[in-house]
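Chains A and B, in that order, give the protein sequences.
Heads up, the first sequence is in my numbering, so the first residue is 1 and it goes up one at a time.
Heads up, the second sequence is in my numbering, so the first residue is 169 and it goes up one at a time.
Here the structure is laid out as structure tokens; the discussion comes afterwards.
2 protein chains.
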Amino acid sequence: MRSPTELAQVFREKQLKLTPQRQLLFGLLHDNDSHPTAESLFEIASKQMPGISLRTIYQTLGELADMGELQLVDLGNGAMRFDPNMGEHQHFVCGSCGAIHDVDITSAPKLRAGSAEGFAVEEVGVVFHGRCDRCNRPSHGEQISRNTKRSPGLQAKKIKQVKQAISN
Amino acid sequence: MRSPTELAQVFREKQLKLTPQRQLLFGLLHDNDSHPTAESLFEIASKQMPGISLRTIYQTLGELADMGELQLVDLGNGAMRFDPNMGEHQHFVCGSCGAIHDVDITSAPKLRAGSAEGFAVEEVGVVFHGRCDRCNRPSHGEQISRNTKRSPGLQAKKIKQVKQAISN
DNA sequence: TTGTTAATTAGCATGACTTGCTAATTAGGG
DNA sequence: CCCTAATTAGCAAGTCATGCTAATTAACAA
Chain A
1 MRSPTELAQV
11 FREKQLKLTP
21 QRQLLFGLLH
31 DNDSHPTAES
41 LFEIASKQMP
51 GISLRTIYQT
61 LGELADMGEL
71 QLVDLGNGAM
81 RFDPNMGEHQ
91 HFVCGSCGAI
101 HDVDITSAPK
111 LRAGSAEGFA
121 VEEVGVVFHG
131 RCDRCNRPSH
141 GEQISRNTKR
151 SPGLQAKKIK
161 QVKQAISN
Chain B
169 MRSPTELAQV
179 FREKQLKLTP
189 QRQLLFGLLH
199 DNDSHPTAES
209 LFEIASKQMP
219 GISLRTIYQT
229 LGELADMGEL
239 QLVDLGNGAM
249 RFDPNMGEHQ
259 HFVCGSCGAI
269 HDVDITSAPK
279 LRAGSAEGFA
289 VEEVGVVFHG
299 RCDRCNRPSH
309 GEQISRNTKR
319 SPGLQAKKIK
329 QVKQAISN
């Protein structure tokens, strides 16, 4: 995502109004590598601008995504994540603290010959699961700070499957 | 997933009742590589057993997943997919017809040194996007048979992002 | 400054997907 | 064949996100 100043320029050019709400979000998203949800942005924004509506957050995020300034990341953890990092990168999900980190890979995975005859691959998404450096340090117990309010269900079962894979 | 006969055995051992509903689902899932949703299984099951409830479908799928007979696959397309193929494999999503195919990769993607110092990777998920062989054949136009009823929203925007990546 | 028009807000309804709850039914061992 | 635990159906509820309306506000241009 471009800087708030550049975005202001872009919005002006597109005849979109530079409202305080939008500017606030530009600031909150700029250089933000925490992969926030709409809800978490709403909470933070509300502190600086009480009364701002969740609807406006969704609207602005949607606009930025349409403009190619934001990447939408759905890791199946309940809510959509917003990633201002538009460079090519992949994601690492910590099974302990739930944090999502941007990572790079040495080379794109390739299909094994014969497993997809005639398939044209155009995009590859990779998600790593494991433990991030912080959670990997000794003294650090299992935290399981799930940052989703979703009730346990298929999502939880899937996470359980991942955890089983992790503990192998 | 094991065969219906083997599953029957397992259920008996676990003192779980072998109801017609469960047996029907065993059959529908056995060797099923279509990555069905709960809803689509419900529709098929309803034809053979009118009156069966969607709740029962979810329940039985959940039980099978807990027993390690099913893999849950969330590709961010709205609904959870159920995959009886428990072998290690990855997925290919056709951007044209929406089909999901099982594929293999030659080697697991590796983190680039420095991009995740101290991270312990334990599981890697890879999703390919592109066009499957059928849609890739000449004569075959854009189909966009989205098999989700979800209203256009973030999900749709994400798909749009993928399609843009595909058309580069 | 004023006018135009877009943007925001509030509030509620909807929609998709999944789970929770409860009462009624059923399977299968004795 | 009966009994009891397990299963099922059916509906309500919960989460995330969007649609819609009407009223208000505020940005920008003239």
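Don't be surprised by glycine CBs; every beta carbon is placed ideally from N, CA and C.
These numbers come from a predicted model, not from an experiment.
Just to confirm before moving on: does the CB-CB distance between B/I268 and B/R299 stay below 9 Å?
As a first step, residue 268 of chain B is located in the second sequence; it is residue number 100 there, counting from the start. As a first step, residue 299 of chain B is located in the second sequence; it is residue number 131 there, counting from the start. No, the Cβ-Cβ distance between B/I268 and B/R299 is not below 9 Å.
If you measure beta-carbon to beta-carbon, which residues of the segment 323 to 334 of chain B are closer than 7 Å to chain A?
K325, K326, Q329, V330, A333 and I334
Counting contacts by CB-CB distance shorter than 9 Å, is B/R170 in contact with chain A?
The count along the second sequence starts at 1 and reaches residue 170 of chain B at position 2. Chain A, which has no Cβ nearer than 9 Å to the Cβ of B/R170, makes this no.
B/H297 CB to nearest chain A CB: under 9 Å?
Counting from 1 along the second sequence, the entry for residue 297 of chain B is found at position 129. Judged by the 9 Å Cβ criterion, B/H297 is in contact with chain A.
On the criterion of 16 or more Cβ atoms from any shown chain inside 10 Å, does A/A65 qualify as buried, or is it exposed?
Position 65 of the first sequence, counted from the first residue, corresponds to residue 65 of chain A. Per the 10 Å Cβ criterion, buried.
In DSSP terms, what B/R299 is bridged to:
By 1-based counting over the second sequence, the position of residue 299 of chain B is 131. A/A120, per the DSSP bridge assignment.
Can you tell which of B/S208, B/R305 and B/V289 has the C-alpha that lies nearest to the C-alpha of A/V93?
Along the first sequence, one-based indexing puts residue 93 of chain A at 93. It is B/V289 whose Cα lies nearest to the Cα of A/V93.
Measuring straight from C-alpha to C-alpha, what distance separates A/L72 and A/A113?
Looking up residue 72 of chain A in the first sequence gives position 72. Looking up residue 113 of chain A in the first sequence gives position 113. Near 31 Å, if we compare the C-alpha coordinates of A/A113 and A/L72.
How about A/F92: is its C-beta nearer than 9 Å to some C-beta of chain B?
The residue labelled residue 92 of chain A in the question sits at position 92 within the first sequence. Yes, its Cβ sits closer than 9 Å to a Cβ of chain B.
Using a Cβ-Cβ cutoff of less than 8 Å, which residues in the same chain neighbour B/E174 once the five nearest sequence positions on both sides are dropped?
Locating residue 174 of chain B in the second sequence gives position 6, where the first residue counts as 1. No residues qualify anywhere along the chain.
Identify the residues that DSSP records as bridge partners of A/T37: which are they?
What you label residue 37 of chain A is simply residue 37 of the first sequence in a count that begins at 1. In the DSSP output, where bridge partners are listed per residue, A/T37 has A/R81.
Just to check my reading of the structure: B/Q258 and B/V294 have Cβ atoms closer than 8 Å, yes? What is that Cβ distance to the nearest angstrom?
Looking up residue 258 of chain B in the second sequence gives position 90. Looking up residue 294 of chain B in the second sequence gives position 126. At roughly 4 Å, the Cβ-Cβ gap stays under 8 Å, so B/Q258 and B/V294 are in contact.
Give me the chain A residues within the contact set of B/Q239, using Cβ-Cβ distance strictly less than 8 Å, ordered along the chain.
Reading the second sequence from its first residue, position 71 is the one you call residue 239 of chain B. Result: Q161.
Counting only beta-carbon atoms, is A/S107 nearer than 9 Å to chain B?
Along the first sequence, one-based indexing puts residue 107 of chain A at 107. It does; some Cβ of chain B falls within 9 Å.
Which same chain residues, not among the five before or five after A/G27, have their C-beta less than 8 Å away from its C-beta?
Your numbering for residue 27 of chain A matches position 27 in the first sequence. Correct list, in chain order: P4.
As a quick exercise: from A/L18, A/N136, A/G95 and A/A79, pick the residue whose alpha carbon is nearest that of A/T60.
Your numbering for residue 60 of chain A matches position 60 in the first sequence. The shortest C-alpha separation from A/T60 is found at A/L18.
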